[in-house]
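Enquirer: Structure below; questions to follow.
Numbering (this note's numbering), first residue to last: 47 to 306.
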């Protein structure tokens, strides 16, 4: 249990995280400035909301430990993600507050407070992470919507949007009928670190669709070792509202503070 909450912390961060190949030569469109409307990419409309709330189950599978927990999630669009995690009996062991400039966490079991900026978090996860990416992973949106250059490939069952920088290669798989993002594969150049996001069991929320099952698969190569982590978030109840659901967060002053 000593390491439980720290593992749930990273589960929270990356959980908050399926098309077949085509049978014919794909049609390729070069995109100089990524604009999903102008290139005809039939993405489902993004979920419109002021606040979103969710009750979910989180399952963590790592190299040496499997964990399950319940989570309550509050989201203020483009601003704040608040998460409370309880492994059992309704007792909170971890509370996270994710903002545009930092990630804060209260580890009640080990009596520790954590404060990370995104450069430090990116180093820890071996991937370039920011608030926009974390929110996109939770909502089933493109994680890097403005990344250019890009190529759009039309396949039998939908589309693949390929994006590339000097450090990152991404493939975004979009279902052709609904426009739902079903999978994202990101590979970090040089390290071969691999991040895969899967979005499944879409259902109606508000005027759009929402993935009720999000799975994050992280494969990293460090010190000649291969480490794999899988986090599945299964949303049981999701609501959008104009009423502030609350983002209470106060670090206990008597807890040890770890800052990176």
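In this text, a Cβ means the ideal position worked out from N, Cα and C, and glycines have one as well.
From a predicted model like this one, the values you see are computed outputs, not experimental measurements.
Whole angstroms is fine: what's the gap from residue 244's alpha carbon to residue 150's?
Expert: Residue 244 sits at position 198 when you count from the first residue of the chain shown. Residue 150 sits at position 104 when you count from the first residue of the chain shown. Distance between the alpha carbons of residue 244 and residue 150 is about 26 angstroms.
Enquirer: To the nearest angstrom, how far is it from the Cα of residue 127 to the Cα of residue 192?
Expert: Indexing the chain shown from 1 puts residue 127 at position 81. Indexing the chain shown from 1 puts residue 192 at position 146. Residue 127 and residue 192: Cα-Cα distance of roughly 22 angstroms.
Enquirer: I'd like the list of long-range same chain contacts for residue 90, defined as Cβ closer than 7 angstroms, with 5 residues on each side in sequence excluded.
Expert: For this step, residue 90 is matched to residue 44 along the chain shown. Within the same chain, residue 90 has close Cβ partners 224, 225, 226, 254 and 255.
Enquirer: From residue 306 to residue 280, what does the alpha carbon distance come to, in whole angstroms?
Expert: Position 260 of the chain shown, counting from 1, holds the residue named residue 306. Position 234 of the chain shown, counting from 1, holds the residue named residue 280. Each residue's Cα considered, the two are about 30 angstroms apart.
Enquirer: Assign residue 303 to one of two classes, buried (16 or more other C-beta atoms within 10 Å of its C-beta) or exposed (fewer than that).
Expert: To locate residue 303, count along the chain shown from 1; it is residue 257. The residue is exposed, with fewer than 16 neighbouring Cβ atoms inside 10 Å.
Enquirer: Give the DSSP-derived three-state secondary structure of residue 116 in the structure shown.
Expert: What you label residue 116 is simply residue 70 of the chain shown in a count that begins at 1. Three-state DSSP puts residue 116 in a strand.
Enquirer: Can you name, in chain order, every residue of its own chain whose Cβ lies under 8 angstroms from the Cβ of residue 296, other than the five neighbours on each side?
Expert: Position 250 of the chain shown, counted from the first residue, corresponds to residue 296. Once the five neighbours on either side are set aside, residue 296 has no close Cβ partner at all.
Enquirer: Just to confirm before moving on: does the CB-CB distance between residue 251 and residue 284 stay below 8 angstroms?
Expert: Start at 1 with the first residue of the chain shown, and residue 251 comes out as number 205. Start at 1 with the first residue of the chain shown, and residue 284 comes out as number 238. Contact: yes.
Enquirer: Rounded to whole angstroms, what is the Cα-Cα separation between residue 222 and residue 88?
Expert: To locate residue 222, count along the chain shown from 1; it is residue 176. To locate residue 88, count along the chain shown from 1; it is residue 42. Going by the C-alpha atoms only, they are around 7 angstroms apart.
Enquirer: Excluding five sequence neighbours on each side, which residues of the same chain lie with their C-beta closer than 6 angstroms to the C-beta of residue 177?
Expert: As a working mapping, residue 177 is identified with position 131 in the chain shown. So the list reads 146, once near-sequence residues are dropped.
Enquirer: Taking only the alpha-carbon atoms, compute the straight-line gap between residue 161 and residue 148 and give it to the nearest angstrom.
Expert: Here residue 161 corresponds to residue number 115 of the chain shown, with the count starting at 1. Here residue 148 corresponds to residue number 102 of the chain shown, with the count starting at 1. Taking the straight line from one Cα to the other gives about 7 angstroms.
Enquirer: Secondary structure at residue 314, three-state DSSP: helix, strand or coil?
Expert: Given a span of 47 to 306 for the chain in the structure shown, any question on residue 314 remains unanswerable.
Enquirer: If you check the beta carbons only, do residue 276 and residue 259 fall under 8 angstroms apart?
Expert: By one-based count along the chain shown, residue 276 stands at place 230. By one-based count along the chain shown, residue 259 stands at place 213. Cβ atoms of residue 276 and residue 259: not closer than 8 angstroms.
Enquirer: Around the C-beta of residue 236, are 16 or more other C-beta atoms found within 10 angstroms, so that it is buried, or is it exposed?
Expert: By one-based count along the chain shown, residue 236 stands at place 190. Exposed.
Enquirer: Indicate the three-state DSSP secondary structure (helix, strand or coil) for residue 93 in the structure shown.
Expert: Walking along the chain shown from the start, residue 93 turns up at place 47. Of the three classes helix, strand and coil, the one that applies to residue 93 here is coil, per DSSP.
Enquirer: Assuming the contact rule is C-beta atoms closer than 8 angstroms, residue 115 and residue 131 should be a hit. Round their C-beta distance to whole Å, please.
Expert: Numbered from its first residue, the chain shown carries residue 115 at position 69. Numbered from its first residue, the chain shown carries residue 131 at position 85. 5 angstroms between Cβ atoms; contact.
Enquirer: Kindly indicate which residue of 203, 240, 293 and 211 has the alpha-carbon position closest to the one of residue 228.
Expert: Taking the first residue of the chain shown as position 1, residue 228 is located at position 182. When each option's Cα is compared against that of residue 228, the closest is 203.
Enquirer: Would you please state the rounded distance, in angstroms, between the beta carbons of residue 290 and residue 97? I believe it to be under 8 angstroms.
Expert: What you label residue 290 is simply residue 244 of the chain shown in a count that begins at 1. What you label residue 97 is simply residue 51 of the chain shown in a count that begins at 1. That pair is a contact at about 6 angstroms.
Enquirer: Using a threshold of 8 angstroms, state whether the C-beta atoms of residue 164 and residue 139 are closer than that.
Expert: Position 118 of the chain shown holds residue 164. Position 93 of the chain shown holds residue 139. Cβ atoms of residue 164 and residue 139: not closer than 8 angstroms.
Enquirer: Would you identify the three-state DSSP class for residue 162, choosing helix, strand or coil?
Expert: As a position in the chain shown, residue 162 is number 116, starting the count at 1. In this structure, residue 162 counts as strand in the three-state DSSP scheme.
Enquirer: When burial is assigned at 16 or more other CB atoms within 10 Å of the CB, is residue 153 buried or exposed?
Expert: Working through the chain shown from its first residue, we reach residue 153 at position 107. Flag for residue 153 reads buried.
Enquirer: Would a C-beta distance cut-off of 8 angstroms place residue 187 and residue 105 closer than the cut-off?
Expert: The residue given as residue 187 occupies position 141 in the chain shown. The residue given as residue 105 occupies position 59 in the chain shown. Their beta carbons are not under 8 angstroms apart, which means residue 187 does not touch residue 105 by this criterion.
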